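Following: one structure in structure tokens, then a few remarks.
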Amino acid sequence: MRPATEADLAEILRDAPPPLRIVGGGTRSLPGIGPNAALETGGLSGITLYEPGALTLVARAGTALAEVAAALAAERQHLPFEVPDLRGLLGRDGQSTLGGVVAANASGPRRVQAGACRDSLIGVRFIDGTGTAVANGGRVMKNVTGYDLVKLLAGSYGTLGVLTEVSFKLLPVPDRVVSLMLTGLDDASAVAAMAAALGSPFEVTGAAHWPGQGTFLRIEGFAQSVAYRAGRLARHLQGFGAAEIEEDEPARARWAAIRDVAAFHGRAGDVWRLSLRPSDAPALADRAEALARLYDWGGGRVWLLLPEGTDLRTRLGPHPGHTTLIRTAASSPAMPVFPPEPPARAALGAGLRARFDPRGILNPGLMA
Amino acid sequence: MEMPVPRPAILLRKARIVERLLAILPADAVVHDAVATRAYECDGLTAYRCPPLAVVLPRTTAEVAAVLRLCHAEGIPVVPRGSGTSLAGGALPTADSIILGVARMTDVIATDYANRTIRVQAGRTNLGVSAAVEGEGFFYAPDPSSQLACAIAGNIAMNSGGAHCLKYGVTTNNLLGVTLVMMDGTVVEIGGEDMDAPGLDLLGVVCGSEGQLGVVTEAVLRILPKPEGARPVLMGFGSSEVAGACVSDIIKAGVLPVAIEFMDRPCIRVCEAFAKAGYPDCEALLIVEVEGAETEIDEQLGLIKQIALRHHPVALRESGSEEESRRIWLGRKSAFGAMGRVNDYMCLDGTIPVSALPEVLARIGEMSRAAGLEVANVFHAGDGNLHPLILFDANKPGDLERCEALGAAILTLCVEVGGCLTGEHGVGVEKRDLMPVQFSATDIEAQMRVKDVFDPNWLLNPAKVFPLAVSAARRDA
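The following block contains the structure:
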């Protein structure tokens with residue numbers, strides 16, 4: 001099914017279809033999405049409003065991310081949260097859509113400074129599981145009118161409704177990018193260096209540790225300001241060693257590689273993602289005994305590559321933070337994508353899904 | 001403004017209810033005599049008042065849970081209250097309700113500088129959070145103008161903003177977790193120290209839910225390193241339209257000031273008379289502030305001045321010292337107080353797309369003349385969050401009603417041009433009945449479904465946010 005209009009989509013959902021798998025471009029869907037009939041959103045496409053002077057974009061949910069990125073680039077603007085391109089990691093092709101980005105709350109390295117996808121998202125339209133159209137938020141960046149269903153829909157993986165339109169606040173593309181690279185740090189020292197950098201006033205917009213490659217700290221903005229802050233940051237971190245500098249194109253390429261988890265491309269195994277307090281990350285990553293690891297968000301997000309079929313949750317036992325299974329081999333035993341939630345919170349999630357999708361037809365089981 | 005009729009059955013049971021509250025709380029945590037409860041009859045929206053049945057001032061999450069369990073069992077409405085600074089009537093009680101105030105829950109539970117978080121009890125004031133971490137060079141970013149008094153609990157309920165949110169975002173962008181007590185007494189941990197939480201983004205919907213989903217007793221907040229410095233520039237223009245165009249050009253140029261504040265002539269005049277900040281005599285002025293080290297400030301202000309000069313400002317004054325910065329901000333920060341000295345006023349809070357600024361300011365001027373009520377404008381221009389102040393005389397019969405009618409018309413205009421009814425103050429009771437201007441019946445129904453999940457009996461702050469007629473069936477069920 002591939003509706004071309006919001007009305008067609010609403011009609012499909014009103015007519016009580018069988019359980020569905022909601023697909024944008026299919027570039028970042030999770031292992032637990034199941035074999036249900038596909039409902040594709042790619043037909044709901046096009047930018048409906050772009051106001052560079054107001055830093056605002058509104059587009060239909062099936063609009064290709066590439067199309068949006070090109071339109072924004074022409075005005076030297078971008079989506080602040082640095083959308084990861086997971087095609088290389090997941091072995092997919094196709095075109096990522098804005099709706100898929102929102103449904104997955106897909107957020108890259110700039111999360112530490114500019115926030116996640118949900119923080120830039122200012123409006124949604126969606127069709128719920130009964131076929132009813134709902135609008136929430138809008139196109140202005142300060143809006144507390146009624147409940148914030150915008151945030152609720154971000155990261156809901158299609159389970160509360162099928163997005164038809166999304167609005168974002170934007171930021172200017174920085175004139176200059178500089179990346180400081182520290183080498184030779186073990187994971188614990190790297191996390192400490194990243195904490196020192198993120199706790200400094202020099203506005204670090206990315207902090208990642210790529211074992212074997214280095215520890216990277218990004219500074220962006222106007223030329224003089226970047227030069228000043230990079231210099232001060234290097235001095236601030238001199239206890240961790242001398243920093244090498246990567247600039248502009250090499251720096252942009254470096255951060256794209258971190259964003260897209262290039263470290264794991266072409267390598268066999270399951271991919272897990274850990275979210276946790278940065279200072280807990282090194283010890284927990286050790287306990288995971290991973291084949292490879294990559295720390296982003298100053299250590300608050302850790303990508304782990306494990307042998308196929310390894311149940312990371314069993315291996316870790318009770319631990320701070322939480323785990324998400326991002327990629328697994330078809331031959332691996334089924335493992336829940338998301339960790340089980342404590343009963344009271346699980347009941348709230350289940351209650352919301354039951355209200356917005358009473359027949360359980362939207363990606364059923366994916367988040368439950 | 002209408003409120004639900006108090007339930008006689010609850011009013012008649014007052015003595016027994018107070019007795020039960022005293023059985024689960026220390027004696028000093030229950031306020032029930034007719035004089036003392038008057039202190040809680042209103043919040044910052046003082047036009048509407050009603051003393052509650054009783055007030056409870058718990059000190060712990062366990063006490064909050066005990067109170068809510070009791071009220072749930074007895075079917076008593078509960079109105080959560082932070083510091084009572086809401087401008088929208090978010091903490092306005094009904095005679096049959098219990099005010100649950102968190103003002104005694106002010107502890108810092110843990111600070112974690114390495115991970116840049118702080119966990120506090122939710123009654124702590126906004127400024128009290130920054131004060132707890134400033135020794136280590138950190139601060140809490142959202143800065144509502146009531147920040148000296150307002151509680152984090154209320155900030156979360158209303159998703160409060162502030163002058164500096166252009167750069168740092170509002171409460172929801174700086175909140176990582178809450179301890180939430182639900183109406184039936186269940187305690188739920190939502191989010192935490194992680195930068196993303198598992199499951200649906202419940203935190204996102206709790207923030208800004210105006211105390212209708214649960215009572216927040218603890219919060220984990222993101223703290224940020226303080227910038228090395230900050231400096232404002234003051235610019236005067238010959239018309240509001242030109243000032244509006246300058247705002248749009250600054251934003252488009254890629255400079256991200258921490259604040260862009262706007263004042264028009266009526267506001268400038270009153271502030272100048274009060275604060276003597278040395279503001280220029282002009283139709284509109286902007287205060288633009290940037291942050292960083294000296295070289296960075298020079299670079300950004302240089303760009304901003306270049307843009308401003310293209311719009312032929314009648315005044316352009318860059319601060320050269322702490323004292324000059326203080327004076328530039330003085331008038332703006334005393335705006336509401338200065339206005340209150342000369343007049344009764346109603347403060348609106350609609351947001352519009354920045355591009356609509358010139359058109360909307362012109363239309364507000366026309367509407368003000370037609371209504372015969374003066375409107376002064378002072379607002380956060382960078383994000384389009386307007387604060388038109390409608391001046392009226394509370395002692396003049398009919399003036400409040402005419403003022404409210406003009407306010408509703410201005411907010412309707414904000415929605416028509418693509419904006420919203422409230423940018424940072426919340427809906428409360430004040431804008432409750434305007435909700436259908438912005439939302440369809442199904443949009444409102446979708447929001448009410450969320451409340452159904454968290455508070456199926458509609459006992460928490462039930463007469464707020466949604467038009468009474470729309471929520472009646474649920475409240476009366």
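In order, the protein sequence lines correspond to chains A and B.
If you count by my numbering, then the first sequence holds residues 1 to 368, one letter each, in order.
If you count by my numbering, then the second sequence holds residues 1 to 477, one letter each, in order.
Virtual Cβ for every residue (Gly too), placed ideally from N, Cα, C.
Computed from a predicted model, the values in this text were never measured in an experiment.
Inset, instruction - Using a threshold of 9 Å, state whether the C-beta atoms of residue 63(A) and residue 86(A) are closer than that. - result: no
Inset, instruction - Find the residues of chain A that neighbour residue 351(B), judging by a C-beta separation of less than 7 Å, and give them in chain order. - result: Near residue 351(B) (Cβ distances below 7 Å), the residues of chain A are 140, 142 and 143.
Inset, instruction - Indicate the three-state DSSP secondary structure (helix, strand or coil) for residue 225(B) in the structure shown. - result: Strand, per DSSP.
Inset, instruction - Decide if residue 330(A) is buried, meaning its Cβ has at least 16 other Cβ atoms within 10 Å, or exposed. - result: exposed
Inset, instruction - Ignoring anything shorter than 3 residues or poking outside the segment 265–309 of chain B, list the beta strand (DSSP E) runs there in chain order. - result: 284–291
Legend entry - Stretch pair the segment 97–116 of chain A + the segment 346–366 of chain B: three plus CB contacts closer than 8 Å: no
Inset, instruction - Could you tell me if the beta carbon of residue 219(A) falls within a distance shorter than 8 Å of some heavy atom in the ligand ZN? - result: With respect to the ligand ZN, the structure offers nothing, as it holds no ligand at all.
Inset, instruction - Going by CA-CA distance only, name the one from 144(B), 389(B) and 113(B) that's closest to residue 132(B). - result: The residue among 144(B), 389(B) and 113(B) with its C-alpha nearest the C-alpha of residue 132(B) is 113(B).
Inset, instruction - Kindly give me the distance between the Cβ atoms of residue 176(A) and residue 116(A), rounded to whole angstroms, as I take these residues to be in contact under 8 Å. - result: In fact, because the Cβ distance is near 24 Å, the residues do not count as touching under 8 Å.
Legend entry - Within chain B, the residues that residue 297(A) reaches when beta carbons sit closer than 8 Å: 195
Inset, instruction - Compare the C-beta of residue 1(A) with all C-beta atoms of chain B and state if any pair is closer than 9 Å. - result: no
Legend entry - Validate contact between the segment 200–216 of chain B and the segment 275–288 of chain B using beta carbons, cut 8 Å, 3 pairs: The segment 200–216 of chain B, when compared against the segment 275–288 of chain B, does not touch it at the 8 Å Cβ threshold.
Inset, instruction - Report the residues of the segment 361–376 of chain B with a CB closer than 8 Å to any CB of chain A, ordered along the chain. - result: none
Legend entry - Reference residue 216(A); option with closest CA among 190(A), 155(A), 4(A) and 281(A): If we check each option's Cα against that of residue 216(A), 190(A) comes out closest.
Inset, instruction - Let me know the secondary structure DSSP gives residue 202(A) once reduced to three states. - result: coil
Legend entry - Unbroken alpha helix (DSSP H) run spanning residue 367(B), endpoints: 357–371
Legend entry - 8 Å Cβ cut-off: residues of chain B touching residue 338(A): 198 and 199
Legend entry - With 16 other Cβ atoms within 10 Å as the buried cut-off, status of residue 23(B): exposed
Legend entry - Supposed contact pair residue 198(A) and residue 453(B) - C-beta distance, whole angstroms, cut 8 Å: Not quite, the Cβ-Cβ distance comes to about 36 Å (not below 8 Å), so this is no contact.
Legend entry - Residues of its chain near residue 228(B), where Cβ-Cβ distance is below 7 Å and the 5 sequence neighbours each way are ignored: Here residue 228(B) has 292 and 293 as same chain residues with Cβ atoms under 7 Å from its own Cβ, once five neighbours each way along the sequence are excluded.
Inset, instruction - Kindly confirm or deny that the segment 21–39 of chain B and the segment 48–64 of chain B touch, where touching means at least three C-beta pairs closer than 8 Å. - result: By the Cβ test, the segment 21–39 of chain B is in contact with the segment 48–64 of chain B, since at least three Cβ pairs between them sit closer than 8 Å.
Inset, instruction - Would you kindly check if the distance between the Cβ of residue 337(A) and the Cβ of residue 303(A) is under 9 Å? - result: A distance of 9 Å or more separates the beta carbons of residue 303(A) and residue 337(A).
Legend entry - Segment contact flag, the segment 319–332 of chain B with the segment 402–414 of chain B, C-beta cutoff 8 Å, min 3 pairs: no
Inset, instruction - State the Cα-Cα distance for the pair residue 305(B) and residue 249(B), rounded to the nearest angstrom. - result: Computed Cα separation, rounded: 11 Å.
Legend entry - DSSP-derived helix/strand/coil call for residue 176(A): strand
Legend entry - residue 178(A) to residue 256(B) span [Cα, whole Å]: 19 Å
Inset, instruction - Evaluate residue 312(B) with the Cβ neighbour count: other Cβ atoms within 10 Å of its Cβ, from every protein chain shown; 16 or more gives buried, anything less gives exposed. - result: exposed
Inset, instruction - Can you give me, in chain order, the residues of the segment 406–435 of chain B that have a beta carbon less than 7 Å from any beta carbon in chain A? - result: 418, 419, 420, 421, 422, 423, 424, 426, 427 and 435
Inset, instruction - Look up residue 264(A) in the DSSP assignment and say whether it is helix, strand or coil. - result: helix
Inset, instruction - Over the uninterrupted beta strand (DSSP E) stretch that includes residue 141(A), give me the two end residues. - result: It is not in any beta strand (DSSP E) - residue 141(A) carries neither H nor E in the DSSP assignment.
Legend entry - Below-9 Å beta-carbon distance, residue 316(A) vs any chain B residue: no
Inset, instruction - Measure the Cβ-Cβ separation of residue 134(A) and residue 443(B) and say whether it is below 9 Å. - result: If you check the CB distance, residue 134(A) and residue 443(B) come in under 9 Å.
Legend entry - Member of 97(A), 137(A) and 75(A) whose CA lies at the smallest distance from the CA of residue 84(A): 97(A)
Inset, instruction - In angstroms with no decimal places, state the Cα-to-Cα distance between residue 200(A) and residue 231(A). - result: 13 Å
Inset, instruction - Kindly identify the DSSP beta-bridge partner or partners of residue 360(A). - result: According to DSSP, which records beta bridges pairwise, residue 360(A) is partnered with nothing at all.
Inset, instruction - Name the two residues that bound the continuous alpha helix (DSSP H) containing residue 249(B). - result: 240–252
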